[in-house]
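Encoded as structure tokens, the structure appears first; notes follow it.
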Amino acid sequence: LLHMAPCIKVPKEEYEKHCRHTVFEHFLFNCSNGDMLLALGIGSLFNHNDMPNVDYRVDSAKEIITYTSCTDIQSGEELNIYYGSKLWFNDVNKEADEIDGNSSEDSSEETFFNSFNVT
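FYI, the numbering for the sequence shown is -1 to 117, going by our numbering.
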């Protein structure tokens, strides 16, 4: 266990009417019923990575997000979570790989996330 972030719940109606049009849009976690959660503590500070070292679980009933390590994490290593495939920003890690000729799109390397068959 790395962190349990208490959250502020944003009901679906308030999100649609207000929050989706603000900077907070980029810091909200989805709940299955359409509500959103704003993670407090360090919960909103994790950066994105296609190969994250941190996993998280949203508990909308308790209004908390639990973060756990999913790999061995070395001292000084940045903690990252996976934001999803539809990013709203340019992924600097992906751009650096493309510059170095290591485009993940051309790679046949098996990764954690491409092992899932999502339909």
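Here a beta-carbon is modelled for each residue, glycine too, at the ideal position from N, C-alpha and C.
In or out: residue i buried (at least 16 other Cβ within 10 Å) or exposed?
i, result
"G74", "exposed"
"G82", "exposed"
"E103", "For E103, the pLDDT reaches just 48, beneath the cut-off of 50, and the residue's location in the model is therefore unreliable, although a value from the coordinates is still provided. E103 is exposed by the Cβ-count criterion."
"I62", "buried"
"V21", "exposed"
"T117", "Unreliable placement is indicated for T117, whose pLDDT of 40 sits below 50; no coordinate value is reported for it."
"L(-1)", "exposed"
"K26", "What sits at residue 26 in the sequence shown is Leu, not Lys. Buried, since its Cβ has 16 or more Cβ neighbours within 10 Å."
"G32", "exposed"
So what does residue i bridge to, in DSSP terms?
i, result
"H46", "I79"
"R55", "T64"
"C5", "A37"
"K27", "The residue asked about is misnamed: residue 27 is Phe in this sequence, not Lys. Answer is L35."
Would you kindly check if the distance between the Cβ of residue j and the Cβ of residue i is under 8 Å?
i, j, result
"L35", "K10", "no"
"L43", "C5", "no"
"N91", "V52", "no"
"Y80", "N45", "no"
"C119", "V56", "The displayed coordinates of the chain run from -1 to 117. Any statement about residue 119 would go beyond what the structure contains."
Measuring from the CB of residue i, is there a heavy atom of the ligand GTP at a distance below 7 Å?
i, result
"E61", "Judged by which ligands are present, the structure shown has none, so any question about the ligand GTP falls away."
Kindly give me the distance between the Cβ atoms of residue i and residue j, rounded to whole angstroms, as I take these residues to be in contact under 8 Å.
i, j, result
"T69", "M2", "Not really, about 20 Å apart at Cβ, beyond 8 Å."
"W86", "H24", "6 Å"
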